[in-house]
Amino acid sequence: MSYATTVAISHLTSRESEVLRLVANGRSAKEVALELSIAPCTVERHIENVRLKTRTRNRAHMIAVVLQDGWLASAPVAVG
Numbered sequence: 001m002s003y004a005t006t007v008a009i010s011h012l013t014s015r016e017s018e019v020l021r022l023v024a025n026g027r028s029a030k031e032v033a034l035e036l037s038i039a040p041c042t043v044e045r046h047i048e049n050v051r052l053k054t055r056t057r058n059r060a061h062m063i064a065v066v067l068q069d070g071w072l073a074s075a076p077v078a079v080g
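Given below as structure tokens:
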């Protein structure tokens with residue numbers, strides 16, 4: 001894992017981490033919002049915060065970076 005991603009991941013809130021895992025598993029902002037009982041705009045804000053903390057260009061790049069660095073592989077999401 002790169003130093004920058006390690007530092008960024010360690011600074012994520014528990015909610016940001018949860019949203020990141022769900023988004024990485026293919027859920028839309030609306031689906032995440034329904035699952036977590038929060039507003040879709042709140043989900044989008046969490047995604048943007050993670051993107052800024054990981055210094056990535058967009059959502060796809062953010063997911064690619066955390067997958068490449070192995071962070072999400074160690075944090076599975078329960079489905080259902």
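FYI, UniProt numbering numbers position 15 of the sequence shown as 15, with every residue one higher than the one before it.
Just so you know, even glycine gets a beta-carbon here, dropped at the ideal spot from N, CA and C.
Owing to the predicted nature of the structure, the values given are computational and were not obtained by experimental measurement.
Less than 8 Å between the C-beta atoms of residue i and residue j, yes or no?
i: I63; j: V32; result: no
i: A29; j: E44; result: yes
i: V66; j: L20; result: yes
i: R15; j: H46; result: yes
Leaving out five residues before and five after residue i in sequence, what residues of the same chain have Cβ atoms less than 6 Å from its Cβ?
i: R51; result: M62
i: N58; result: none
Excluding sequence positions up to five away, which residues of its chain have a Cβ less than 8 Å from the Cβ of residue i?
i: L34; result: none
i: A39; result: A33
Excluding the 5 residues preceding and the 5 following residue i in the sequence, name in chain order all residues of the same chain whose CB lies nearer than 7 Å to its CB.
i: S49; result: Here residue 49 is Asn; the residue named in the question, Ser, does not match the sequence. Here the set comprises E16.
i: Q68; result: none
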